[in-house]
Amino acid sequence: MASAIFFLDLKGKPLLSRNYRGDVPMSALDKFPILLLDAEEESSVVPPCFSHEGVNYMYIRHSNLYLLAITKRNSNAAEILLFLHKVVQVLTEYFKVLEEESIRDNFVVIYELLDELMDFGYPQTTETKILQEYITQESHKLEVQVRPPIAVTNAVSWRSEGIRYRKNEVFLDVIESVNLLVSSTGTVLRSEILGSVKLKCYLSGMPELRLGLNDRVMFENNGRSTRGKSIEMEDVKFHQCVRLSRFENDRTISFIPPDGEFELMSYRLNTQVKPLIWVECAMQMHAGSRVEYAIKARAQFKRRSTANNVEITIPVPDDADTPKFRTTVGTVHYAPEKAAIVWKIKHFGGGKEFSMRAELGLPSVKESDPDRKKRPINVKFEIPYFTTSGIQVRYLKIIESKLQYPSLPWVRYITQSGDDYTVRLP
Amino acid sequence: MSDAKFFAKGKAAELRMELKSDKKDKNFARRKTTLKRIVANMTMNNNEMVQLFSDILECMHLNSLEIKKMCFLYLINYCRVKPDLANKALPILLADIKDQSPLIRALALRTMSCVPLATYTQAIVDPLHKLLGDSDPYVRKTAAFGVAKLWAADSRLAEKSGLIEGVNQLLVDDNPTVVSAGLAALTDITDKSEGMKLAIGYQDASKLIKILPDCNEWSQTFILNALMSYTPQDPAEALLMAERLSPRLAHSNAAVILGTIKVILYLTHYVSDDAAIDMLVRRFGPPLITLLSKPYEIQYVALRNCFLILQQYPHILQSNVKVFFCKYNDPIYVKVAKLEIIFLLASEENMPEILRELREYASEIDVQFVRKAVRAIGKLAIKIEGSARDCIDTLLDLVATRVSYIVQEATVVIKNIFRKYPNRYESIIAVLCRNLDSLDEPEAKAAMVWIIGQYAGRIENSDELLDDFLFSFKEEAVEVQLALLTATVKLFVQRPAKGQELVLQVLKWATEETDNPDLRDRGYMYWRLLSSASGNPEITREVVMSDRPAVTVESDRLDEKTLEEMTLNIGSLVSIYMRSANQIFKGSKSKHLEPSPALRKAYSYGPTEDQQMNVDASSLMEQGEDDDTAAAFAGPNAFAAHGDLLSDE
Numbered sequence: 002m003a004s005a006i007f008f009l010d011l012k013g014k015p016l017l018s019r020n021y022r023g024d025v026p027m028s029a030l031d032k033f034p035i036l037l038l039d040a041e042e043e044s045s046v047v048p049p050c051f052s053h054e055g056v057n058y059m060y061i062r063h064s065n066l067y068l069l070a071i072t073k074r075n076s077n078a079a080e081i082l083l084f085l086h087k088v089v090q091v092l093t094e095y096f097k098v099l100e101e102e103s104i105r106d107n108f109v110v111i112y113e114l115l116d117e118l119m120d121f122g123y124p125q126t127t128e129t130k131i132l133q134e135y136i137t138q139e140s141h142k143l144e145v146q147v148r149p150p151i152a153v154t155n156a157v158s159w160r161s162e163g164i165r166y167r168k169n170e171v172f173l174d175v176i177e178s179v180n181l182l183v184s185s186t187g188t189v190l191r192s193e194i195l196g197s198v199k200l201k202c203y204l205s206g207m208p209e210l211r212l213g214l215n216d217r218v219m220f221e222n223n224g225r226s227t228r229g230k231s232i233e234m235e236d237v238k239f240h241q242c243v244r245l246s247r248f249e250n251d252r253t254i255s256f257i258p259p260d261g262e263f264e265l266m267s268y269r270l271n272t273q274v275k276p277l278i279w280v281e282c283a284m285q286m287h288a289g290s291r292v293e294y295a296i297k298a299r300a301q302f303k304r305r306s307t308a309n310n311v312e313i314t315i316p317v318p319d320d321a322d323t324p325k326f327r328t329t330v331g332t333v334h335y336a337p338e339k340a341a342i343v344w345k346i347k348h349f350g351g352g353k354e355f356s357m358r359a360e361l362g363l364p365s366v367k368e369s370d371p372d373r374k375k376r377p378i379n380v381k382f383e384i385p386y387f388t389t390s391g392i393q394v395r396y397l398k399i400i401e402s403k404l405q406y407p408s409l410p411w412v413r414y415i416t417q418s419g420d421d422y423t424v425r426l427p
Numbered sequence: 291m292s293d294a295k296f297f298a299k300g301k302a303a304e305l306r307m308e309l310k311s312d313k314k315d316k317n318f319a320r321r322k323t324t325l326k327r328i329v330a331n332m333t334m335n336n337n338e339m340v341q342l343f344s345d346i347l348e349c350m351h352l353n354s355l356e357i358k359k360m361c362f363l364y365l366i367n368y369c370r371v372k373p374d375l376a377n378k379a380l381p382i383l384l385a386d387i388k389d390q391s392p393l394i395r396a397l398a399l400r401t402m403s404c405v406p407l408a409t410y411t412q413a414i415v416d417p418l419h420k421l422l423g424d425s426d427p428y429v430r431k432t433a434a435f436g437v438a439k440l441w442a443a444d445s446r447l448a449e450k451s452g453l454i455e456g457v458n459q460l461l462v463d464d465n466p467t468v469v470s471a472g473l474a475a476l477t478d479i480t481d482k483s484e485g486m487k488l489a490i491g492y493q494d495a496s497k498l499i500k501i502l503p504d505c506n507e508w509s510q511t512f513i514l515n516a517l518m519s520y521t522p523q524d525p526a527e528a529l530l531m532a533e534r535l536s537p538r539l540a541h542s543n544a545a546v547i548l549g550t551i552k553v554i555l556y557l558t559h560y561v562s563d564d565a566a567i568d569m570l571v572r573r574f575g576p577p578l579i580t581l582l583s584k585p586y587e588i589q590y591v592a593l594r595n596c597f598l599i600l601q602q603y604p605h606i607l608q609s610n611v612k613v614f615f616c617k618y619n620d621p622i623y624v625k626v627a628k629l630e631i632i633f634l635l636a637s638e639e640n641m642p643e644i645l646r647e648l649r650e651y652a653s654e655i656d657v658q659f660v661r662k663a664v665r666a667i668g669k670l671a672i673k674i675e676g677s678a679r680d681c682i683d684t685l686l687d688l689v690a691t692r693v694s695y696i697v698q699e700a701t702v703v704i705k706n707i708f709r710k711y712p713n714r715y716e717s718i719i720a721v722l723c724r725n726l727d728s729l730d731e732p733e734a735k736a737a738m739v740w741i742i743g744q745y746a747g748r749i750e751n752s753d754e755l756l757d758d759f760l761f762s763f764k765e766e767a768v769e770v771q772l773a774l775l776t777a778t779v780k781l782f783v784q785r786p787a788k789g790q791e792l793v794l795q796v797l798k799w800a801t802e803e804t805d806n807p808d809l810r811d812r813g814y815m816y817w818r819l820l821s822s823a824s825g826n827p828e829i830t831r832e833v834v835m836s837d838r839p840a841v842t843v844e845s846d847r848l849d850e851k852t853l854e855e856m857t858l859n860i861g862s863l864v865s866i867y868m869r870s871a872n873q874i875f876k877g878s879k880s881k882h883l884e885p886s887p888a889l890r891k892a893y894s895y896g897p898t899e900d901q902q903m904n905v906d907a908s909s910l911m912e913q914g915e916d917d918d919t920a921a922a923f924a925g926p927n928a929f930a931a932h933g934d935l936l937s938d939e
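Below you can see the structure in the form of structure tokens.
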């Protein structure tokens with residue numbers, strides 16, 4: 002529950018707000034920038050919710066905006082913080098981008114949306130597709146609308162009736178992000194696969210979909226011998242359209258999809274992953290004169306796959322200069338603003354190994370504690386037509402009993418580096 | 291396309307001209323534009339706009355939803371400044387509330403219940419009765435929240451009006467969204483109400499769980515929240531409900547997951563079968579880990595709640611401590627929350643990997659985080675005796691970096707290690723003594739001085755070291771001065787010949803040249819002790835070198851009663867602050883377990899009438915000691931420990 006919601010610029014100046022309950026004095030807002038600043042000075046630990054003189058502040062940051070909710074009650078913080086993220090998502094889907102300028106550019110619609118997204122501080126409808134049916138930027142449409150879409154209060158709250166496509170198609174993307182942490186001694190400390198099944202649905206009517214995966218638990222339930230590869234997902238999360246009890250009972254993923262793009266499910270595997278791109282770094286520090294790096298990168302996946310847009314970022318001392326590079330493949334550039342050198346390889350074939358040498362000059366005056374700031378090497382890549390876990394879409398059945406149209410599902414697989422694919426420097 | 295142009299500062303007179311102009315205005319295009327400018331100026335807090343109230347009233351009659359919305363927004367914004375004019379809008383709203391379109395009925399209702407004027411509050415009672423039974427679920431749901439708003443504005447009127455019973459009726463509505471809105475409204479009211487309490491029986495609770503899948507994600511969180519008002523009367527019933535809820539753990543909405551965990555944890559208090567409880571709570575592990583890949587703010591809420599859940603059931607993630615290892619780019623608040631959990635899950639088996647990891651954190655950039663990591667290493671030495679040696683070696687390794695704040699932090703924790711394991715690991719004193727120059731913080735200095743005093747007999751040049759510290763005695767912080775005083779006396783007790791000169795000097799300073807009463811008192815106390823017991827140095831020694839109470843890190847754990855309250859509040863602010871609700875939220879009801887035949891042990895029975903009446907004086911005292919006195923004493927410290935396990939307190 003939130004008393005009021007604010008959009009603020011980075012200085013903490015309010016751009017637009019909605020007061021839902023009127024039980025917190027708006028002067029509480031004036032304190033927010035000061036509190037943020039104070040907290041930052043005291044220590045660098047500013048949590049996303051804190052309390053000051055009886056008022057509780059919960060906030061998130063998005064591009065050059067703060068979204069802030071305040072309350073005096075013991076509110077459900079998980080719900081409100083998530084709601085703020087949802088507001089960002091809805092407004093982004095409405096306006097393409099959400100930043101300080103978009104607030105003023107669209108203030109009337111934002112006021113309307115705020116009235117619909119939340120009532121008395123409780124989140125209501127946050128499905129963009131549904132909202133767009135009765136809150137639009139082109140004002141002339143509004144006059145036609147006499148009642149809210151049934152979906153707002155329906156059991157199927159994410160899809161409206163009467164959707165029509167001439168060509169019925171579903172595009173299914175299986176995207177796996179690999180997070181990996183390698184110690185300075187070369188052992189894998191932590192690895193996880195975060196998978197996501199995204200759908201682009203262009204289907205008419207109210208179709209019933211059923212997705213079949215090579216899920217080991219389901220195979221075992223059905224007494225099927227695990228012929229071929231099956232995978233064991235440690236945790237699965239579903240979009241609200243999926244019938245959870247059905248999944249609980251017999252692992253069937255059945256649902257009526259929202260229209261357009263959405264994330265159907267996400268899953269996680271904690272199995273030890275063999276690093277797809279292995280990076281070794283030898284560093285030689287000649288204090289006061291120069292530092293040398295010898296980097297080796299190896300693609301440890303099958304030859305028939307290729308990693309694209311590989312980017313290896315190696316941190317260097319922030320007072321380094323005069324960089325010199327030598328590499329057999331790709332390009333290297335020095336990014337002083339990040340205090341790093343970036344080695345880019347457009348196509349990295351499976352089983353290949355490349356190396357790169359770099360030398361940077363160092364000022365003769367030593368920094369007080371040069372080795373202290375240890376940042377890790379970061380690796381980015383994407384490998385199309387390949388999943389690390391071996392997950393496979395066995396089928397996607399589409400049934401619309403009234404319309405009975407033929408439909409085409411398309412499936413794509415891709416593996417990419419997650420937000421934390423790092424190798425610690427020695 | 292862009293509406294930013296409307297944000298030019300406008301004059302009221304000019305805008306009025308625009309609104310009133312007789313010129314042709316097809317589809318009200320001109321007036322729409324003008325209203326946009328007015329709303330934009332309102333957004334910029336241009337107070338001149340309030341002068342346009344009567345002009346806005348005229349626009350409210352226009353047959354355009356877009357115009358209506360802007361006018362109503364204006365009304366909500368300025369009604370307090372111009373109550374008389376605002377009252378003139380009342381008939382318009384009352385007419386709209388009977389409009390054919392459910393959208394307009396709901397809009398008018400929402401707007402009316404947002405206007406904090408007595409006239410509005412009174413005028414809305416009758417329409418609310420009607421709208422609670424509206425044919426459109428969208429309106430009924432809006433009406434449910436309308437009653438909650440009315441109650442917040444005027445609780446007596448709301449209770450007298452019979453509207454609350456009306457909301458109660460919504461709980462048997464055909465439409466799940468309406469049911470959940472009714473529950474949200476009732477929860478909102480009963481959370482604050484003195485007299486009313488939400489109580490849900492088995493049949494109703496069972497029905498609520500059944501309709502959960504038919505509600506949108508937010509409605510699900512309302513229902514989950516309301517399920518906390520269901521008190522199982524039978525262990526089998528509680529278990530069944532918990533099992534029926536558990537599929538919700540696969541929902542993608544983090545608030546639904548945490549809400550489900552909250553209700554299941556609550557229900558376990560009424561389940562008798564320990565094995566069944568174990569099965570239930572083990573299912574929390576994977577979803578909790580998955581929450582760690584959500585946005586940072588959500589991760590933070592999840593981590594704080596993980597900390598609570600793991601205090602009670604550490605085994606559900608003990609073998610997974612690695613998932614809590616920090617990512618390099620995590621914000622500090624996430625890293626610190628992870629560090630607390632790593633500490634909590636540390637055991638002799640996983641210590642090697644934890645120590646390596648903490649050693650890594652100690653070389654990061656953020657000073658606060660580095661300090662906490664160092665402190666955690668020291669505390670682990672105390673928590674897990676079998677790993678103490680390894681922890682100490684890691685600390686010494688860190689001291690060798692000679693980075694000032696690391697050395698200081700290490701000194702402080704090593705002092706505690708000495709207290710926990712007296713007369714062991716003394717070889718490390720020499721290492722510390724080589725780094726005395728790095729110490730400039732009072733806490734670290736006091737810790738070092740304590741070590742020197744305690745081991746004055748064994749440190750070869752303890753008198754010289756103390757003498758060095760005493761050089762700046764008068765400029766030191768009181769805590770250092772107190773430590774120096776005690777340490778010098780200890781030196782004297784253990785090596786009278788070496789300490790004699792120093793102790794006289796310090797006692798003279800402490801008793802004659804200070805304004806601080808604590809220091810003076812302690813000075814006199816030692817003075818008298820030394821002079822009166824001079825015949826018997828054994829007695830002096832016993833007093834000065836007496837055993838200290840053992841140090842534990844268990845004090846960082848929440849006591850069971852607080853923990854129980856926290857787990858009943860999973861996902862809420864209380865669970866993040868880790869402080870009891872009545873400490874932070876004025877007049878809030880703190881959650882407790884309702885008594886029932888199925889209830890296992892509880893630490894917080896609800897204060898029913900009878901119990902309160904029957905409390906006799908002695909038990910009142912006991913209770914006082916348990917709750918209030920203890921809280922008053924330990925208040926700030928307890929918070930530091932709970933709120934931030936590895937704080938600098």
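So the protein lines, in turn, are chains A and B. Following the numbering used here, the numbering of the first sequence begins with 2 at its first residue and continues without gaps. Following the numbering used here, the numbering of the second sequence begins with 291 at its first residue and continues without gaps. Just so it is clear, CB atoms sit at the ideal spot from N, CA and C, and this is done for glycine as well. Please read these numbers as outputs of a predicted model, since none were measured by experiment.
So is residue i in contact with chain B if we call contact Cβ pairs under 8 Å?
i, result
"Thr416/A", "no"
"Cys282/A", "no"
"Pro371/A", "The predicted model places Pro371/A with a pLDDT of 48, which falls under 50 and marks its position as unreliable; any figure quoted below should be read in that light. Not an interface residue."
Give the residues of chain A in contact with residue i, contact being defined as C-beta atoms less than 8 Å apart.
i, result
"Ser445/B", "Those within 8 Å of Ser445/B in chain A number zero; the least Cβ separation is about 13 Å."
"Pro576/B", "Glu235, Asp236 and Arg269"
Here's the rule: buried if 16 or more other CB atoms are within 10 angstroms of the residue's CB, otherwise exposed. What is residue i?
i, result
"Tyr428/B", "buried"
"Lys710/B", "buried"
"Pro525/B", "buried"
"Glu915/B", "Note on Glu915/B: pLDDT 32, under 50, position unreliable in the model; the coordinate value appears next. Label assigned to Glu915/B: exposed."
"Gln784/B", "buried"
"Thr1/A", "Any question about residue 1/A goes unanswered here, given that chain A covers just 2 to 427."
"Arg425/A", "buried"
Please list, in chain order, the chain A residues whose beta carbon lies closer than 7 Å to that of residue i.
i, result
"Leu635/B", "Within 7 Å Cβ-Cβ: nothing; Leu635/B doesn't reach chain A, min ~15 Å."
"Thr511/B", "Asn77 and Glu80"
"Ala773/B", "What Ala773/B touches in chain A: nothing, since even the nearest Cβ is about 25 Å away."
Along chain B, which residues have their Cβ under 8 Å away from the Cβ of residue i?
i, result
"Arg425/A", "Glu650"
What residues are listed by DSSP as bridge partners for residue i?
i, result
"Arg211/A", "Ser255/A and Lys398/A"
Mind checking if residue i is an interface residue toward chain A, Cβ cutoff 8 Å exclusive?
i, result
"Lys372/B", "no"
"Ala433/B", "no"
"Leu393/B", "yes"
Against residue i, what residues of chain B qualify as contacts under a CB-to-CB distance less than 9 Å, listed in chain order?
i, result
"Ser158/A", "Thr467, Asp504, Cys505, Asn506, Glu507 and Ser509"
### Query
Taking a cut of 9 Å between CB atoms, which residues from the segment 537-563 of chain B lie near chain A?
Pro537, Arg538, Leu539, Ala540, His541, Ser542, Asn543, Ala544, Ala545, Val546, Ile547, Leu548 and Gly549
#### Entry: Contact set between the segment 844-867 of chain B and chain A, restricted to residues whose Cβ is under 9 Å from the partner
Asn859, Ile860, Gly861, Ser862, Leu863, Val864, Ser865, Ile866 and Tyr867
### Query
According to a CB-to-CB cut-off of less than 9 Å, which residues of the segment 167-191 of chain A neighbour chain B?
Ser178, Asn180, Leu182, Ser184, Ser185, Leu190 and Arg191
### Task
Would you list, in chain order, the members of the segment 583-595 of chain B that have their beta-carbon closer than 9 Å to a beta-carbon of chain A?
Ser583, Lys584, Pro585, Tyr586, Glu587, Ile588, Tyr590, Val591, Ala592, Arg594 and Asn595
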